[in-house]
Amino acid sequence: MGTLNNISLTKLTKFFKTFSFGLNNSISFKILLLFFAVNLILSCSSAPHKLDKQNKSQETSLIDTRKEYDDFWEYMENFDFNFTSSIKLSEEHQQFAEGLKLVEYSEFDSAEIIFRKLYETSHDIQTIKNSKKVLVDILFFKSKWFDILELDSTETAIDSPYNSLRLADAFSRAKAEKISFPDKTVSLPIYISPTGCPIIKVIINGEGRFFWLDTGANYSVLSSDIAQELSIFPISYEKTKALTGTTIRVDVYPTVIDTLDIAGVKIFNHPAIIVHDFDLKFKFFGVSNITKVDGILGWKAIQHLDAVMDYKKKILIVSKPQIDSSRQRNLFWLGCPVIRVKNLDGKPLLFGLDLGAERTTITANIFKKVSFAQIYSITKQIGSLGGWIYNNARMISSLTLDIGNEIMHFEDIGTGFQQKKLFVKLDGILGTDFMREGKIRINNTAGIFEFSIE
116 MGTLNNISLT
126 KLTKFFKTFS
136 FGLNNSISFK
146 ILLLFFAVNL
156 ILSCSSAPHK
166 LDKQNKSQET
176 SLIDTRKEYD
186 DFWEYMENFD
196 FNFTSSIKLS
206 EEHQQFAEGL
216 KLVEYSEFDS
226 AEIIFRKLYE
236 TSHDIQTIKN
246 SKKVLVDILF
256 FKSKWFDILE
266 LDSTETAIDS
276 PYNSLRLADA
286 FSRAKAEKIS
296 FPDKTVSLPI
306 YISPTGCPII
316 KVIINGEGRF
326 FWLDTGANYS
336 VLSSDIAQEL
346 SIFPISYEKT
356 KALTGTTIRV
366 DVYPTVIDTL
376 DIAGVKIFNH
386 PAIIVHDFDL
396 KFKFFGVSNI
406 TKVDGILGWK
416 AIQHLDAVMD
426 YKKKILIVSK
436 PQIDSSRQRN
446 LFWLGCPVIR
456 VKNLDGKPLL
466 FGLDLGAERT
476 TITANIFKKV
486 SFAQIYSITK
496 QIGSLGGWIY
506 NNARMISSLT
516 LDIGNEIMHF
526 EDIGTGFQQK
536 KLFVKLDGIL
546 GTDFMREGKI
556 RINNTAGIFE
566 FSIE
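Be aware that the sequence shown starts at 116, since it is given in our numbering, and climbs by one per residue.
Structure, rendered in structure tokens:
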């Protein structure tokens, strides 16, 4: 299950998942998990979902930690549309809820109209703030860079390297992205990184390179040395400071890949980020050699595909996504890919999908929905680009989830970092630990995430 010398590396491919947009833009214009994010977190603990009992301290035993949502916004953040009779909705709140339902069905054009109107006409501060958060996500998904800039016309994209609007400014001047599919379904081999992240060979401007496949990275990433070898240059040399998974900031530069070929699926004018190559070299604990990352294929590319990854056969099958109205949707995107799952009691939960994460984790939000017999704590060392921090994680002994029609049981599962800039409140993050037992399918267009064990 992805262990190395009894050390579990929780993440290894997630570089800045939260570009801070400054101001109150959806995720502060979420260039970090909302905007060109790619967070690279290495987490050290014991073997996945099996902690050393001697390393955990008893925190408390609880019978029930759940509580009802406090207000309308908590319902919305949890995508819970089962309103109680005690909640009286205003017309604006009804519109907001309808807009989120459209987002859940990937009807972004209609959703954009609703949230833009709420942002421009509402007199309620909270409605304005949350409408803007959702709207920026929608515009990001649709690559509407000019609209993102206009949404915050008072903020310049030039003055400060900490202002990630300069990335939107750079991409707004690039050619529009296009994609073409071959007539047939295509396949290619996948390789598994030491942390379980899938790796595939992609053809960039005619040259083959190996990229980590990471749904947790909103944007594709190029190592600076690979960019130089392939004569791919920044479209702006005004660097942006990207916040990593800890408190370390790294320099990134916007670029455009002319042609990104995934086994015949060709993406033209693909926006990406260049990261210094020394920020993409990682040494595993107890291992002498250095792991070099050529780049990352992020969600901005994955969202176009119907991708089936068979971990046991080590093959990726890619085809043009089609709408399937006969299937119940369980996948949607709002700042990150979100999967609807259930526990054994049938309680609906929201988990982010992150192929760059070695293990599945929970967030503090789950304690509002599910009761646990025992909660304890453990201090984990979390590493990211440039340094390490210590995180005091809350742990539960076990959690059983219905994921893509398969029942999976996790032991000693702990809390990870919750992206505070996201509008949606996640109950956890699905990592690759259980996926390596079978195969998964990701079809964002149809809203389908499948997991099966054969």
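Beta carbons are placed, not taken as given, at the ideal position from N, Cα and C, and that holds for glycine.
On a predicted model such as this, the values are computed, not experimentally measured, just so you know.
Residue i to residue j, Cα distance in whole Å?
i      : j      : result
PHE151 : ALA332 : At PHE151, the pLDDT of 34 sits below 50, so the modelled position is not reliable; the number obtained from the coordinates is stated separately. Near 7 Å, if we compare the C-alpha coordinates of ALA332 and PHE151.
LYS244 : LYS293 : 32 Å
ASN458 : GLN343 : 48 Å
ARG455 : PRO297 : 31 Å
MET424 : ILE341 : 26 Å
PHE230 : ILE544 : 27 Å
THR478 : GLY529 : 8 Å
ALA289 : GLU265 : 17 Å
VAL433 : THR300 : 6 Å
GLN210 : PHE348 : 44 Å
ILE318 : THR374 : 8 Å
GLN241 : GLN418 : 30 Å
GLY471 : LEU328 : 7 Å
SER441 : GLY379 : 29 Å
GLU207 : GLY562 : 27 Å
Mind checking which residues open and close the alpha helix (DSSP H) that includes residue i?
i      : result
VAL218 : 206-219
ASN245 : 240-256
ARG281 : 280-286
ILE263 : 260-266
Starting from residue i, follow the beta strand (DSSP E) in both directions and report where the run begins and ends.
i      : result
MET424 : 421-425
ILE411 : 410-412
MET523 : 521-529
GLU322 : 322-328
GLU565 : 563-567
ALA387 : 380-390
ILE454 : 452-458
From the options, pick the residue whose C-alpha is nearest to that of residue i; which is it?
i      : options                        : result
ILE372 : ALA378, LYS354, LEU412, GLU353 : LEU412
ASP460 : LYS316, VAL453, THR515         : THR515
LYS536 : ALA561, SER492, LEU449, GLU521 : LEU449
CYS312 : ASN320, ASP195, THR475         : THR475
ASP376 : PHE223, SER295, ARG444, LYS483 : SER295
GLY519 : LYS381, THR236, SER237, ASN445 : ASN445
LEU330 : ALA416, LYS259, ASP224, SER339 : Reading off the sequence, residue 330 comes out as Thr, not Leu. It is ALA416 whose Cα lies nearest to the Cα of THR330.
ILE557 : VAL485, PRO436, SER440, ILE511 : PRO436
ASN197 : ALA285, PRO463, ILE522         : PRO463
HIS391 : LYS381, GLY379, PRO369, HIS385 : PRO369
ALA488 : ILE511, LEU468, PHE466         : ILE511
PHE466 : PHE256, SER492, GLY546         : GLY546
Going along the chain, which residues of its own chain have a beta-carbon closer than 8 Å to the beta-carbon of residue i, five neighbours each way excluded?
i      : result
LYS165 : Only weak support is given to the placement of LYS165: the predicted model assigns it a pLDDT of 40, under 50, and the question is left unresolved by the model.
SER346 : ASN320
Excluding sequence positions up to five away, which residues of its chain have a Cβ less than 7 Å from the Cβ of residue i?
i      : result
TYR234 : ILE243, SER246, LYS247, LEU250
ALA285 : ILE350, SER351, PRO369
For residue i, does the count of other Cβ atoms within 10 angstroms reach 16, so buried, or fall short, so exposed?
i      : result
LEU334 : For the record, residue 334 in the displayed sequence is Tyr; it is not Leu. Answer is buried; the Cβ neighbour count reaches 16.
LYS554 : buried
ARG281 : buried
Apart from the five residues just before and just after residue i, which ones in its own chain have a Cβ nearer than 6 Å to its Cβ?
i      : result
ASP366 : LYS354
LYS540 : GLU192, ASN193, ASN480
Is the closest heavy atom of the ligand ATP to the C-beta of residue i under 6 Å?
i      : result
SER513 : You won't find the ligand ATP in this model; it holds no ligand whatsoever.
Strictly under 7 Å for the Cβ-Cβ distance: is residue i near chain D by that measure?
i      : result
TYR334 : Checking the listed chains, one finds no chain D in this structure; it contains a single protein chain.
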